[in-house]
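Engineer: In my numbering, each residue carries its 1-based index in the sequence shown increased by 22.
Positions of the beta carbon are idealized from the N, C-alpha and C atoms, including for glycine.
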Amino acid sequence: MSIEPSSPAPRPGSARRRLLLAAGIAAALAAIVAAYFAGRAGVGAGAARPDSHVRIAGESAAGSDAAAAAGALPTPIKGGVLPAPGAPLKDHFAQLQARANAGDAGAATRLVRDLDRCARLRSTQWRNAGATEDLTRRSTEGMSAAQLRTYQALLEAMELRQQAQRQDQATCAGVDEAMLASLVPNIAQAARLGDEQARACYLERGPLYDARSLIRHPDGLRAYRGTAAALVEAGLAAGDWRVVDLLQQAYEPGSKSLLAGLLGADPLQHYRYLKLYRLGAEAHRADQLDRQLAAVATGLSPAQLAQGDAWAQNTLDAGFQGRSTDGTPPGWEACDF
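And the structure:
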């Protein structure tokens, strides 16, 4: 004879707890639904600048939002008077660094430029020394009048380079390796504070701009991952054509740039940003860009092309001015400070 298990007796207050739990779930669902429709309304109200849909490869939208929050850009402030141009960096480094850390955009920009000059100085000296030796060892015997004029022009140019090098030597005297190692973090800070050149450089090269420093501080890649998406959004909001060009290159399938590794290949995104770049291009660049667009279009559906064209036109109208190709000629250097 089998004995049926008896049902457990309800615990005191369990029914009330179930009611409260159900009410809580219902309230949470209502809040989510309300937030969803509020967000949809916000998209309609804020359509002046269409969503750029920047996502980090391998992350969910929630993960990307968390990364963006972690890398939220500070509000730049305007500080006091900067050191005189060419002043020794070692005498002002600590002050400039403190001001940059506090959000002083001018100090951050100045610090990056001086540090970059000092970081390049050794290679500049080596190249100039070799070029000077080659030039001065040339014999002028048998040169034509035109060749002598060219040679004189080269000598004058060499003298100008040597003058600039002496100025850099005065600025960089006493700058040590610890100061130079701060170059990439300071580029990142200047980028966060709105320096367009620093933003383009950091997006394209990030910690790879100083490979020796990256070996010592591999967490630089994590910092790049947490900041890049916010910098992209800031660049698009500012109508920065350099950011558009970097994005269209990064999204192109097969791209091997650091930004491409972060965002991941996406033919539709590549088309959208290339189309936006084309809409702002000078006439003499149009044919080449049209051929590129036609090649990309072969892998997309008519609906995707229509969507991409509409997005590009809306984004152009929302805040981009000037010509996209003015500051981004073929082979342009993002880190040319």
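In the DSSP assignment, find the unbroken alpha helix (DSSP H) run with Y293 in it and report its ends.
Structural biologist: Unbroken alpha helix (DSSP H) run through Y293: P289 to L301.
Engineer: Nearest to P98 by CA position, among A167, A213, Q329 and S346, is which residue?
Structural biologist: Comparing Cα positions, the closest option is A213.
Engineer: For I78, does the three-state DSSP call read helix, strand or coil?
Structural biologist: Looking at I78 - three-state DSSP - the assignment turns out to be coil, as it is neither helix nor strand.
Engineer: Let me know if A127 comes out buried or exposed under the rule of 16 or more other beta-carbons within 10 Å of its beta-carbon.
Structural biologist: Buried, because 16 or more other Cβ atoms sit within 10 Å of the Cβ of A127.
Engineer: Are any of the Cβ atoms in chain B nearer than 9 Å to that of A203?
Structural biologist: Given the protein chain composition of this structure (a single chain), no chain B is represented.
Engineer: Helix, strand or coil: how does DSSP classify D232 here?
Structural biologist: It is helical.
Engineer: Nearest to G101 by CA position, among L118, L95 and A94, is which residue?
Structural biologist: With distances taken between Cα atoms, G101 lies closest to L118.
Engineer: Since L264 contacts T350 with CB under 8 Å, what's their CB separation in whole angstroms?
Structural biologist: It should be pointed out that residue 264 corresponds to Arg in this sequence rather than to Leu. Contact holds; Cβ gap of about 6 Å.
Engineer: DSSP three-state call for D262: helix, strand or coil?
Structural biologist: Coil, per DSSP.
Engineer: List the residues that DSSP assigns as beta-bridge partners of I237.
Structural biologist: For I237, which the question treats as bridged, DSSP gives no partner whatsoever.
Engineer: Pick from L236, A356 and A79: whose alpha carbon is nearest that of A222?
Structural biologist: Selected option, being the one with the closest Cα: A356.
Engineer: So for D198, helix, strand or coil by DSSP?
Structural biologist: Note: D198 maps to coil in three-state DSSP.
Engineer: Would you please state the rounded distance, in angstroms, between the beta carbons of L111 and D138? I believe it to be under 8 Å.
Structural biologist: Contact doesn't hold; Cβ gap of about 11 Å is too wide.
Engineer: Counting only the same chain and skipping the five closest in sequence on each side, list residues whose C-beta sits under 6 Å from that of L280.
Structural biologist: If we look at L280 and ignore the five residues flanking it on each side, its Cβ neighbours are G228 and L230.
Engineer: Quick check on M201: buried or exposed, where buried means 16 or more other Cβ atoms within 10 Å of its Cβ?
Structural biologist: M201 should be labelled buried.
Engineer: Does the Cβ-Cβ distance between V318 and P352 come in under 9 Å?
Structural biologist: Their beta carbons are not under 9 Å apart, which means V318 does not touch P352 by this criterion.
Engineer: Assign T158 to buried or exposed, taking buried as 16 or more other Cβ atoms, counted over all protein chains shown, within 10 Å of its Cβ.
Structural biologist: T158 should be labelled exposed.
Engineer: DSSP state of D126, grouped into three classes?
Structural biologist: Of the three classes helix, strand and coil, the one that applies to D126 here is strand, per DSSP.
Engineer: Roughly how far, in whole angstroms, is the beta-carbon of L253 from the beta-carbon of L225, given that I think they are within contact range, below 8 Å?
Structural biologist: The Cβ separation is near 6 Å, so the contact holds.
Engineer: Would you give the residue range spanned by the alpha helix (DSSP H) that T320 belongs to?
Structural biologist: Premise fails: T320 is in no alpha helix (DSSP H) and is neither H nor E.
Engineer: Return the CA-CA distance between A175 and R142, expressed in angstroms with no decimal places.
Structural biologist: About 25 Å.
Engineer: What residues match up with I209 in a beta bridge as DSSP calls it?
Structural biologist: BP columns for I209 are empty, so no partner.
Engineer: For Q271, which option in Y299, C140 and R247 has the closest C-alpha, if you only look at C-alpha atoms?
Structural biologist: The shortest C-alpha separation from Q271 is found at Y299.
Engineer: Roughly how many angstroms lie between the CA atoms of L243 and N123, to the nearest whole one?
Structural biologist: Distance between the alpha carbons of L243 and N123: 20 Å.
Engineer: If I'm right that Q129 touches R121 with Cβ under 8 Å, what's the distance once you round it to whole angstroms?
Structural biologist: For clarity, residue 129 is Ala in the given sequence; the question names Gln instead. With a Cβ gap of about 4 Å, A129 and R121 count as contacting.
Engineer: Could you tell me whether the Cβ atoms of D217 and C140 are closer together than 9 Å?
Structural biologist: No, the Cβ-Cβ distance between D217 and C140 is not below 9 Å.
Engineer: What distance in whole Å lies between the Cβ atoms of A210 and T249, which are believed to be in contact at a cut-off of 8 Å?
Structural biologist: Between A210 and T249 the Cβ distance is about 6 Å, and since that is below 8 Å, they are a contact.
Engineer: Keeping to the same chain, check which residues put their C-beta closer than 7 Å to that of N150; ignore five residues upstream and five downstream.
Structural biologist: R183, Q184 and Q187.
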